[in-house]
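Report on the following structure.
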Amino acid sequence: MLSKNVLNLIKKAKLRGRGGADFPVDLKWQSVKNQAEKSGQSVAIVINCSEGEPGVFKDAHVLENYLPEFFLGLRHAVEFFSKEKVFGIYFFTSTDYAKEFLPKIEKELNKNENSALQKRWHNHLKSGHSYISGEESALLNVIEFSLAEPRLKPPYPSEKGLFGLPTLVNNLETFYNVGLVVSGKFKKERFYSITGAVKNPGVYPGLEDANIEDILKSTNNFPFTDFFVIVGGDMSGEVLNQKQLKRPVGGAGSIRVYPAKINPRQVVREWLDFYVAETCGHCTPCREGTFRLLELFKKDPDDFLKFKGEVRNLIDNLSVSSFCALGASLPTPLNSYAKNILKIKNSKNS
Ligand code: SF4
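As structure tokens, this is what we get:
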């Protein structure tokens, strides 16, 4: 049975998207609907199950364990836009996830209650775990068989998205949460992916505003030795020390724990390698900036770790001039690691 007041229920639950941007779900749905009514166009629905950032694997957890709830949320989205007006439903995921989960998804999709979804459903697979193709506008390009590059915004996908149609792009966990909301089972929880130097890595439910320390403790993952964390995504998240754990996780809900004694060269090199590999090459600050940062690091890692001179200029330039969030996000781990970990370590040693 589909609820007729799904938008009110989502609004009342204060549900926010789980892909990382934290945008209110009701506002996004309403804006797509408004645009469709204004333009008289059909609507496209995209399920973003790209999950391209290391350390984030909560969507895989939903696919493994909660497909009925996910499909319930999706059925409500289709009904909300009026099924006759839904041009297509596009499930975007990696070939790895497809290999593992598509048989289960198709079995669920073929059930009678999902008949309105079946003829509209399309699978779109990306090879490996390309990070940029998970960005909502780059993802639309990939589905249109164009380059995996972000689009200039505005117009936003809700106004002019896939094939020029008003398009709803939501993360897979978001549809799952909608399923919980409409069935009265939503407990203001989200999933957290926990990795690194912990006893019990995995995906765990927890209150959406729970603090990092509570999540680590309640999952028996709080380390006994000194450590620090990166939260929200292993490559784009914020690095925090042990005194900064009384805050929510944010982003895509991941926590990676590093042992305090880890070599800073290893930590920073991992980020730089990732961004050099993942830059789409569309804009100069990111294409050249990430490459040059890696060059400077290779030339003199100790000098790099002072975060001064050309290194500082390049990082600041990425923040203000990158075309999309990928390039603009590298400064977050670098700057927070320098400020919250290295600076304190150096002041103790001096
Ligand atoms: S910031 Fe990087 S990923 Fe984004 S458009 Fe520019 S080159 Fe591409």
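Start counting the sequence shown at 83; every next residue gets the next number (my numbering). Even glycine gets a Cβ: it sits at the ideal position worked out from N, Cα and C.
- Put simply, the segment 107-126 does not touch the segment 286-297. Fewer than three CB pairs are less than 8 Å apart.
- Taken from the Cβ of S404, at least one heavy atom of ligand 1 lies inside 7 Å.
- Listed in chain order, the non-local C-beta contacts of T256 below 8 Å within the same chain comprise L97, G99, R100, G101, V107 and G155, local neighbours out to five positions each way being set aside.
- Taking 8 Å as the cut-off, the Cβ atoms of N399 and G363 do not count as close.
- For S121, the enclosing alpha helix (DSSP H) covers residues V107 to S121.
- Contact between the segment 239-248 and the segment 192-202 is absent: fewer than three C-beta pairs spanning the two stretches fall below 8 Å.
- Just so you know, the alpha carbons of A103 and K165 end up roughly 27 Å apart.
- When the Cα atoms are used, V331 and I294 turn out to be separated by approximately 6 Å.
- Taking non-hydrogen atoms of ligand 1 into account, the C-beta of L408 is found less than 7 Å away from one of them.
- Distance from the C-beta of T414 to the nearest heavy atom of ligand 1 is not below 7 Å.
- A distance criterion of 7 Å places the beta-carbon of G363 in contact range of ligand 1, judged by its closest non-hydrogen atom.
- With contacts defined as CB atoms closer than 8 Å, E392 and L378 qualify as a contacting pair.
- Counting along the chain, the unbroken alpha helix (DSSP H) around E295 starts and ends at I294 to S300.
- Counting along the chain, C131 sits inside the beta strand (DSSP E) bounded by residues V125 to C131.
- Secondary structure within the segment 200-249: the beta strand (DSSP E) runs of 3 or more consecutive residues, fully enclosed, are 203-208 (chain order).
- Residue nearest to G170 within the set E161, D178 and F310 is E161 (criterion: CA-CA distance).
- The segment 326-344 makes contact with the segment 308-317, as at least three CB pairs between them are under 8 Å.
- Note that the C-beta distance between Y274 and I337 is below 8 Å.
- The segment 302-309 makes contact with the segment 271-285, as at least three CB pairs between them are under 8 Å.
- Q200 and K208 have their C-alpha atoms spaced approximately 21 Å apart.
- At a Cβ-Cβ threshold of 8 Å, S215 and S132 count as neighbours.
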